[in-house]
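Residue numbers (the working numbering): 93 to 279.
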């Protein structure tokens, strides 16, 4: 996905995502994750969610893209940032929570079990995951990127193997109920 690796592509993404964040979900999140806990944001991109998450939690920002991390280092001097693959999550650190906003849209459903297994591994006891997904069960290709619109039933079935779903709701970003917000606790 070269768009996330080039300066021009990251510029485009910054422009496209300007003004978009999930801060309106902060109350729901705090219901299950107390203030001050450690949280890893997976795929922080421009850092729109990192801004508000860092005010509530001890937040570590991560992204697979060196370009996003480089820009985050300039935008958030002194912040805890790591370059990290969102699938393997290869780190010796553990966290109370993992957060992502539509990061797993580029991962086929067949690999999501691995993702959830790796998330389970780096979560502390009673840790929670907080994710949003595009849903619908289809696939779309744009330029060199593939987008997977996951099936809600399949996602929940995979999650239930290692997590207890605490909150799940559909919401609309572009089309009616095209998105899913989930909070789940490590079993």
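Using N, Cα and C, we set each Cβ at its ideal position, and we do this for glycine too.
Closest by C-alpha distance to residue i, when choosing among the options
i, options, result
"residue 225", "241, 210, 213, 211", "241"
"residue 199", "188, 221, 227, 220", "227"
"residue 141", "176, 97, 195", "195"
"residue 168", "210, 139, 203", "139"
"residue 149", "162, 157, 128, 163", "128"
"residue 116", "209, 278, 193", "193"
"residue 99", "234, 161, 151, 229", "161"
"residue 207", "274, 172, 232, 250", "250"
Rounded Cβ spacing between residue i and residue j (contact assumed at less than 8 Å)
i, j, result
"residue 174", "residue 183", "7 Å"
"residue 186", "residue 216", "5 Å"
"residue 189", "residue 153", "Not really, about 13 Å apart at Cβ, beyond 8 Å."
Three-state secondary structure (DSSP) of residue i
i, result
"residue 93", "Residue confidence is low: residue 93 scores 49 on pLDDT, short of 50, so the model does not pin down where it sits. Its coordinate-derived value is still stated next. Looking at residue 93 - three-state DSSP - the assignment turns out to be coil, as it is neither helix nor strand."
"residue 300", "In the structure as shown, the chain begins at 93 and stops at 279. Residue 300 is therefore absent and cannot be evaluated."
"residue 150", "strand"
"residue 221", "strand"
"residue 55", "The question about residue 55 has no answer, for the chain in this structure spans 93 to 279."
"residue 264", "coil"
"residue 207", "helix"
"residue 269", "coil"
"residue 128", "coil"
"residue 176", "coil"
8 Å Cβ cutoff met for residue i and residue j
i, j, result
"residue 136", "residue 113", "no"
"residue 222", "residue 191", "yes"
"residue 247", "residue 276", "no"
"residue 97", "residue 159", "yes"
"residue 50", "residue 244", "Because residue 50 is not part of the residues shown, which for the chain are 93 to 279, the question remains open."
"residue 255", "residue 197", "no"
"residue 134", "residue 178", "yes"
"residue 252", "residue 262", "no"
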